[in-house]
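There are 2 protein chains.
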Amino acid sequence: MVKIAIDAMGGDFGPEPIVKGCILALKKKQFIPILVGKKSEILPLLPKRYRDKISIVEADDVISMSDAATEAIKRKESSIYIAIELVKNGEADGVVSAGHSGATMTLATLRLGRLQGVLRPALATLMPTKLSRRSILLDAGANVDSKAEHIAQFAVMGGCYAEDLLKIQTPRIGILANGEEPSKGNDVTKEAFKLLIGYKGFKGNVEGGDIYNGSCDVITCDGFVGNLVLKASEGVASTITGLIKDYIRKSPIAITGALLMRKVFRLLRAQMDYAEIGGAPLIGIKGCAIVSHGKSNPKAIQNAIFQAINYVDTGVNEHIIERLEVLKNKEK
Amino acid sequence: MVKIAIDAMGGDFGPEPIVKGCILALKKKQFIPILVGKKSEILPLLPKRYRDKISIVEADDVISMSDAATEAIKRKESSIYIAIELVKNGEADGVVSAGHSGATMTLATLRLGRLQGVLRPALATLMPTKLSRRSILLDAGANVDSKAEHIAQFAVMGGCYAEDLLKIQTPRIGILANGEEPSKGNDVTKEAFKLLIGYKGFKGNVEGGDIYNGSCDVITCDGFVGNLVLKASEGVASTITGLIKDYIRKSPIAITGALLMRKVFRLLRAQMDYAEIGGAPLIGIKGCAIVSHGKSNPKAIQNAIFQAINYVDTGVNEHIIERLEVLKNKEK
Numbered sequence: 001m002v003k004i005a006i007d008a009m010g011g012d013f014g015p016e017p018i019v020k021g022c023i024l025a026l027k028k029k030q031f032i033p034i035l036v037g038k039k040s041e042i043l044p045l046l047p048k049r050y051r052d053k054i055s056i057v058e059a060d061d062v063i064s065m066s067d068a069a070t071e072a073i074k075r076k077e078s079s080i081y082i083a084i085e086l087v088k089n090g091e092a093d094g095v096v097s098a099g100h101s102g103a104t105m106t107l108a109t110l111r112l113g114r115l116q117g118v119l120r121p122a123l124a125t126l127m128p129t130k131l132s133r134r135s136i137l138l139d140a141g142a143n144v145d146s147k148a149e150h151i152a153q154f155a156v157m158g159g160c161y162a163e164d165l166l167k168i169q170t171p172r173i174g175i176l177a178n179g180e181e182p183s184k185g186n187d188v189t190k191e192a193f194k195l196l197i198g199y200k201g202f203k204g205n206v207e208g209g210d211i212y213n214g215s216c217d218v219i220t221c222d223g224f225v226g227n228l229v230l231k232a233s234e235g236v237a238s239t240i241t242g243l244i245k246d247y248i249r250k251s252p253i254a255i256t257g258a259l260l261m262r263k264v265f266r267l268l269r270a271q272m273d274y275a276e277i278g279g280a281p282l283i284g285i286k287g288c289a290i291v292s293h294g295k296s297n298p299k300a301i302q303n304a305i306f307q308a309i310n311y312v313d314t315g316v317n318e319h320i321i322e323r324l325e326v327l328k329n330k331e332k
Numbered sequence: 001m002v003k004i005a006i007d008a009m010g011g012d013f014g015p016e017p018i019v020k021g022c023i024l025a026l027k028k029k030q031f032i033p034i035l036v037g038k039k040s041e042i043l044p045l046l047p048k049r050y051r052d053k054i055s056i057v058e059a060d061d062v063i064s065m066s067d068a069a070t071e072a073i074k075r076k077e078s079s080i081y082i083a084i085e086l087v088k089n090g091e092a093d094g095v096v097s098a099g100h101s102g103a104t105m106t107l108a109t110l111r112l113g114r115l116q117g118v119l120r121p122a123l124a125t126l127m128p129t130k131l132s133r134r135s136i137l138l139d140a141g142a143n144v145d146s147k148a149e150h151i152a153q154f155a156v157m158g159g160c161y162a163e164d165l166l167k168i169q170t171p172r173i174g175i176l177a178n179g180e181e182p183s184k185g186n187d188v189t190k191e192a193f194k195l196l197i198g199y200k201g202f203k204g205n206v207e208g209g210d211i212y213n214g215s216c217d218v219i220t221c222d223g224f225v226g227n228l229v230l231k232a233s234e235g236v237a238s239t240i241t242g243l244i245k246d247y248i249r250k251s252p253i254a255i256t257g258a259l260l261m262r263k264v265f266r267l268l269r270a271q272m273d274y275a276e277i278g279g280a281p282l283i284g285i286k287g288c289a290i291v292s293h294g295k296s297n298p299k300a301i302q303n304a305i306f307q308a309i310n311y312v313d314t315g316v317n318e319h320i321i322e323r324l325e326v327l328k329n330k331e332k
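Protein chains in written order, with full-length UniProt numbering: chain E, 1 to 332; chain G, 1 to 332.
Right, here's the structure in full:
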């Protein structure tokens, strides 16, 4: 059975939503959960009937959001450090953390190491699209100043994820650029374009608007660019919902309208909801690490755990090693 | 009186919305409009009482959206070429075009030339924010692979625009980056950060989500990044409205709700509407060029014309030359 180490301490709301999320997951799927953190805080949150199903590994220290990611490597008693060590030592197959994402990525990369052939692990985000399927955008922020070879590798790694976890037979792969024509892009993406020509599923450049229209399954980009695109997108969504709420509040007629539209807004929320996805996998490391949002609720943690289980179950890492070999041989 | 040359041909819907927009503008503001394009197509769209108020300059050729921007410099009979020559020869003070934006930017830069001290002209987009004021993002796509000096200059040029045209006394200036801390950013933005330290109004880094929360008045970035952020934002907005429409269509109750919320949706549309802004100025050239959306309706053209008039009236170009000198001396 898959063993998942869960950083119980790092989230913005302390261990409660994380412990609850772990219990939720356990009700629906069989796996071995290991909560890592302060026993004195976790135990009171754990109903008696779960105490023999969920083990707790003590960790005194917590990396807080205000700490520098570079600190993480020295803080060997922190919950995220110990959770990742469990994977390193084979006591767990994957790790889920809603804590400091920079710390999680740094530790996972340095302590677990990169898969054979991987130059840079990438953070992959599942994006909602107009269609019911999701697309993957990577790198979503693990690397700034990515080189062309990195961006080409992100594409390949994302493709393996799409095949194995999203069950898309031949994922359509695109490079995020300022226009569809091969002549578009910056120096780095133009070079990445050349490296990907002929790779299975590669469709060329895609534009910013294509992220959400479902025209591509895998979208590869530099982490600086990926971070900005994601944050701007969240900003637009929250501005729109904020404006709707403001306008509604000012009009009793609109309030009635909004009540009648409740179901519409609920569907919309479900489509956009971070909790439905759970977290972003750091792809390219030996093992499995799912980076969850600091504000994760129990449902988000549950889904992040499911993601980790699937990641381990599908053996996507072996697939990545093979495909990077294909990319490398293509280049020759 | 300010003379504005208007490319009547380049838009996606032919000369009709452009001629109509010109008439709309003329009803509200005093200026001298010069429509550039095929007389045989423009004249029938012009009511008799406007024929002595609007002059037409014949242009046989039109750069279409599928042409390469580099073609533009050879197509000397095209409407956009001739419109820009009018500015170059002093027969017009500014140009408005809803045609091929690459062609407009290339021609405006090459034929009109850069203002003294300007390394690269930048396309500036006015962004809606949660607050009633707008922010400026530049470069929105004129330059890929911008250097640090370019990004610093964009900030200064955007600041002048915010002061003179948006009437913001000391515009808050931010660099778009993957985190607020000075340590965040890619190699280029970190270097730009150093160049801007101490410049009036400079606030440091801002994140993607800050574009829409009104925390900054001027947001500077590389044109590749700016293009992606804008296109992704438009994608999110259109996906949300598309999903709302889809869900509403499936439920009679929701349709009633939507009717009661009509005013809310109208306000939202006005806030997001491209036509309210009109176009994006190319800042840093000798003269004035407003790049409008290919799909511009008459209102968008009217507002683009108003933007051009204001740009010329405020003398922002002189201001830019002075301020770039301040930035340069600061660096010494």
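Just so you know, even glycine gets a beta-carbon here, dropped at the ideal spot from N, CA and C.
Note that the structure is a prediction, hence the values are computed from the model and not measured.
For I73/E, the closest alpha carbon among the candidates S146/E, A103/E, V95/E is that of A103/E. For N186/E, the C-beta contacts it makes with chain G under 7 Å involve V144, D145, F224, in order along the chain. For the segment 119–137 of chain E, the set of residues with a beta-carbon nearer than 9 Å to any beta-carbon of chain G comprises P128, T129, K130, in chain order.
Proximity of E234/G to chain E, defined by a Cβ-Cβ separation below 9 Å, is satisfied.
Sequence-distant Cβ neighbours of Q116/E in its own chain, meaning closer than 7 Å and more than five residues away, are I321. The Cβ neighbour count for T106/E, taken over all protein chains shown within 10 Å, is at least 16; the residue is labelled buried.
Distances from the CA of A5/G to each of I54/G, G159/G, V218/G, A237/G were compared; the closest alpha carbon is that of I54/G. A direct Cα-to-Cα measurement between I309/E and Y50/E gives close to 19 Å.
A distance of 9 Å or more separates the beta carbons of Y161/E and I305/E.
Rounded to whole angstroms, the separation of the alpha carbons of E191/G and K328/G is 15 Å. Straight-line measurement puts the Cα of Q153/G at about 35 Å from the Cα of N213/E.
Taking CB atoms only, R323/E has no neighbour in chain G less than 9 Å away.
Between G284/E and chain G, the shortest Cβ-Cβ separation is not below 9 Å. I211/E belongs to the set of residues whose beta carbon lies under 9 Å from a beta carbon in chain G. Per DSSP, the unbroken alpha helix (DSSP H) holding G235/E starts and ends at 223–249. Contact between K38/E and A59/E holds: their C-beta atoms lie close to 7 Å from each other, under 8 Å. Straight-line measurement puts the Cα of V188/G at about 30 Å from the Cα of A98/E.
Between the alpha carbons of L123/E and K20/E lies a distance of about 25 Å.
DSSP places I54/E outside both helix and strand once states are collapsed to three, so it counts as coil.
In chain order, K231 make up the part of chain G whose C-beta sits under 7 Å from the C-beta of E207/E. Bridge partners of D164/E according to DSSP: none are assigned. Interface annotation, R172/G: not in contact with chain E, CB-CB separation never under 9 Å. For P33/G, DSSP records a beta bridge to I4/G. In this structure, K147/E lies away from E91/E, with their beta-carbon atoms at least 9 Å apart. For I301/G, the uninterrupted alpha helix (DSSP H) run begins and ends at 298–314, by DSSP. Excluding sequence positions up to five before and after V118/E, its CB lies within less than 6 Å of the CB of G284, all in the same chain and listed in chain order.
The residue from C22/E, D93/E, K88/E, E71/E with its alpha-carbon nearest to that of M1/E is D93/E. Taking C-beta atoms under 8 Å as the contact rule, G10/G and D139/G fail to qualify, at a distance of about 21 Å. Bounds of the beta strand (DSSP E) holding A280/E are 280–283. In terms of CA proximity to L137/E, M157/E leads the group L35/E, P47/E, M157/E. Contact annotation for I253/G against chain E: L260 [CB-CB distance below 7 Å, chain order]. Relative to the Cα of S79/G, the nearest Cα in the group L230/G, P281/G, L46/G, E41/G belongs to E41/G.
Note that the C-beta distance between E234/G and G209/E is below 9 Å.
Between the alpha carbons of A254/G and I248/G lies a gap of roughly 5 Å.
Take the alpha-carbon of A280/E and the one of A300/E: they are about 11 Å apart. DSSP, reduced to helix, strand and coil, places K203/G within a strand of the structure shown.
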